[in-house]
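Q:
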Amino acid sequence: MTATTPTLGVNVETVTYRNIEFMVMDMGGQDKIRALWSHYYEGGDAVIFVVDSADDERLAEAAAELHKLMAEEELKDALLLVYANKQDLPQALSVAQVADALELNSIPGRVWYIQACSATSGDGISDGLEWLAGKLASKKKD
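All you need for this note's numbering is the position in the sequence shown, starting with 1, plus 24.
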């Protein structure tokens, strides 16, 4: 766990989980930074999309950005893990509500999973990574 602040660019880290090494690119979600996202798609096996499940007013914007992202040719085979963050807050929407707001079922041909989490406590983070690691491992066998 580390202290979090809004990402103002791209932070790159290597994370090892279950003998799988992930090169994680943490990209800020502010309007000005979104234009840079496309420079980092090539070779991506998965997208981890983190949304604030306690901010229902911005979920429509998050859904629009997610659908644009999933329509990118370079990401056509990428797995999608969505973290419904801030589940520790009383006003947080449920995972089902977040999935509906993001219209995850309408993304054609996409393998996706949504996981409740709290970045501040770490709850749910490993559960999402467990799903992703399992899917990546089985994808490598194919």
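For each residue, glycine too, the CB sits at the ideal point set by N, CA and C.
In chain order, what residues of the same chain lie with their CB nearer than 7 Å to the CB of K159, ignoring the 5 residues before and after it?
A: For K159, where only same-chain residues beyond five positions count, the Cβ hits under 7 Å are L103 and V135.
Q: Please report how far the alpha carbon of D38 lies from the alpha carbon of I44, in whole angstroms.
A: According to the sequence shown, residue 38 is Thr rather than Asp. Roughly 10 Å between the two C-alpha positions.
Q: Could you give the C-beta distance for D101 and S142, rounded to a whole number, given that I count them as a contact under 8 Å?
A: Not a contact, Cβ separation roughly 30 Å.
Q: What's the gap between the Cα of P30 and the Cα of P132?
A: Annotation note: pLDDT 49 at P30 (below 50); position unreliable, coordinate value reported separately. Approximately 31 Å, taken between the alpha carbons.
Q: Since V74 and Y41 are thought to touch, with beta carbons under 8 Å apart, how far apart are those beta carbons, to the nearest angstrom?
A: Not confirmed; about 16 Å, so no contact.
Q: How many Å lie between L156 and L117 at the Cα?
A: For L156 and L117, the distance between alpha carbons rounds to 23 Å.
Q: Do the CB positions of G146 and E98 come within less than 8 Å of each other?
A: No, the pair does not count as a contact, with Cβ atoms beyond the cut-off.
Q: To the nearest angstrom, report how far apart T144 and H91 are at their CA atoms.
A: Cα-Cα distance, rounded: 27 Å.
Q: Can you tell me whether M47 is buried or exposed? The criterion is at least 16 other CB atoms within 10 Å of its CB, across all chains shown.
A: By the 10 Å Cβ count, M47 comes out exposed.
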